[in-house]
Structures are given as C-alpha cells and as structure tokens.
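Colleague: According to numbering that gives the first Met the number 0, the residues represented by the sequence shown are 0 to 140, in order.
Backbone N, C-alpha and C fix where the C-beta goes; we use that ideal spot for every residue, glycine too.
All figures in this text were calculated on a predicted structure; none of them were measured in a lab.
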Amino acid sequence: MIRVLHTEGDCVEWAFPADPSAVRRARAEVRTQLADWGLGELADLAALLVSELVTNSLRYASGPIGVRLACPPGTPQVLLVEVSDPLPDPPCARTAAPDEEGGRGLQLVTEVSRRWGTRPGGERSGGKTGKTVWFELALPD
Numbered sequence: 000m001i002r003v004l005h006t007e008g009d010c011v012e013w014a015f016p017a018d019p020s021a022v023r024r025a026r027a028e029v030r031t032q033l034a035d036w037g038l039g040e041l042a043d044l045a046a047l048l049v050s051e052l053v054t055n056s057l058r059y060a061s062g063p064i065g066v067r068l069a070c071p072p073g074t075p076q077v078l079l080v081e082v083s084d085p086l087p088d089p090p091c092a093r094t095a096a097p098d099e100e101g102g103r104g105l106q107l108v109t110e111v112s113r114r115w116g117t118r119p120g121g122e123r124s125g126g127k128t129g130k131t132v133w134f135e136l137a138l139p140d
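#1: Is the beta carbon of ALA17 closer than 7 Å to that of SER141?
#2: Quick one: what does DSSP say GLY116 is sitting in, helix, strand or coil?
#3: Using DSSP bridges, identify the partner residues of GLU110.
#4: Applying the 10 Å Cβ sphere with the 16-neighbour rule, what's the burial state of MET0?
#5: If you drop the 5 nearest sequence neighbours on each side, which residues of the same chain put their C-beta closer than 7 Å to that of SER124?
#6: Rounded to a whole number of angstroms, what is the C-alpha to C-alpha distance between GLY116 and THR109?
#7: Given that a residue counts as buried once 16 or more other Cβ atoms are within 10 Å of its Cβ, and exposed if not, what is ALA21?
#8: Under a Cβ-count criterion, where at least 16 other Cβ atoms within 10 Å of its own Cβ denotes burial, should THR94 be classed as buried or exposed?
#9: Express the C-alpha separation of LEU44 and VAL29 in angstroms, rounding to a whole number.
#10: Count the other C-beta atoms from every protein chain shown that fall within 10 angstroms of the C-beta of PRO63, then say buried if there are 16 or more, exposed otherwise.
#11: Considering only C-alpha positions, which residue in the set ALA34, ARG23 and CYS70 is nearest to GLU51?
#12: Flag this pair as yes or no: are the beta carbons of ARG26 and ALA42 separated by less than 7 Å?
#13: Give me the residue from ALA96, ARG103, ASP98 and ARG67 with the minimum Cα distance to PHE134.
#14: Taking ALA69 as the reference, give the member of ALA96, ASP140, SER112 and GLN32 with the closest Cα.
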C-alpha cells in the first residue's frame, strides 16, 4: 500500500513498501504530481531518475522507501527529489562494463541532474537511520 505522508503547497511525500511494484508505482505518482503542478515537461526525466534510485533501494535495502518532491523556498527554479531508505550506506557510483545490465543509475543521475548527493538519516526513519539520496532538476522557464 502506498501511503501519502504529506501534501502541502509545493511538497509531497510518499512511502512505498519494499517490493518490486514500488518502482512502477513511484514513477506513476511522480508523473501525476508533476503534471498537477504544471511541470509535465519534467515528468519523464524525474520519473526515470526516481525509478533508478528506488531500484537501488530495493536491491540493497529492506523496509519502506520514501519519495519526496519539493520546490523549496529560497531555491527558485529547482525541483528537489529525494529517495530515502533504511540502509545507512551511501550509494557507490561505478563504471559498468558494456555488457552489464545494471550499474548505470547513478551515472545517469550525475549526467542529467543539476546536482545530486546523499545525507544520512532517511526521512521515513525520523532521520535516525538510513539515508536520503537527492537530486535537483532545473524548472522550465
């Protein structure tokens, strides 16, 4: 079951169970929310990057996965996207071999986002455990 944790102004959060359907459901929620905010131009890109990060969370962590979208005050023209999980270890970017099926998600986030990073303390854990991986996309003019 998806839980909508917060919707206020230009911020929305969801919690997804740690099962394979979370990737598809997170993509759909992100696309719908961005369309509702009039940011449909960013929907496919944001959904792609969210699916990469949620997939990483499913692969390496267990427990709920949080997804948060925000247009933070004080940072105009930026969409902030966060994916949180209970695993404290930050993701490790690596170079995938040409014949490997995986290993390109963080490279993709690095190449197409304005900037990205991690911080300890996942949102779903009250900031006590886990981590949050975030990225920013420039809002269309």
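Modeller: Walking through what the data contain:
#1: What the structure shows of the chain is the stretch from 0 to 140, and residue 141 is not part of that stretch, so it cannot be assessed.
#2: Along the sequence shown, read from residue 1 onward, the residue named residue 116 stands at position 117. It is a strand residue.
#3: Within the sequence shown, the letter at position 111 stands for residue 110. Answer by DSSP bridge pairing: none, since GLU110 is not bridged.
#4: Here residue 0 refers to the residue found at position 1 of the sequence shown. Confidence at MET0 is low in this model, with a pLDDT of 46, below 50, so the placement of that residue is unreliable and no value is reported for it.
#5: Here residue 124 corresponds to residue number 125 of the sequence shown, with the count starting at 1. Caution applies to SER124, whose pLDDT of 47 falls short of 50 and renders its modelled position unreliable; the value that the coordinates give is listed next. Excluding positions up to five away in sequence, the list reads PRO85.
#6: Start at 1 with the first residue of the sequence shown, and residue 116 comes out as number 117. Start at 1 with the first residue of the sequence shown, and residue 109 comes out as number 110. One C-alpha to the other measures close to 9 Å.
#7: Translated into positions along the sequence shown, residue 21 becomes position 22. Residue environment for ALA21: buried (at least 16 other C-beta atoms within 10 angstroms of its C-beta).
#8: Taking the first residue of the sequence shown as position 1, residue 94 is located at position 95. Burial call: exposed.
#9: The residue given as residue 29 occupies position 30 in the sequence shown. The residue given as residue 44 occupies position 45 in the sequence shown. Each residue's alpha carbon lies about 10 Å from the other.
#10: Numbered from 1 along the sequence shown, position 64 holds the residue referred to as residue 63. Buried, because 16 or more other Cβ atoms sit within 10 Å of the Cβ of PRO63.
#11: Numbered from its first residue, the sequence shown carries residue 51 at position 52. Minimum Cα distance to GLU51 is reached at ARG23.
#12: In the sequence shown, residue 26 corresponds to position 27, counting from 1. In the sequence shown, residue 42 corresponds to position 43, counting from 1. By the CB criterion at 7 Å, ARG26 and ALA42 fall outside the cutoff.
#13: Looking up residue 134 in the sequence shown gives position 135. It is ARG67 whose Cα lies nearest to the Cα of PHE134.
#14: Working through the sequence shown from its first residue, we reach residue 69 at position 70. Residue GLN32 holds the alpha-carbon nearest to the alpha-carbon of ALA69 among ALA96, ASP140, SER112 and GLN32.
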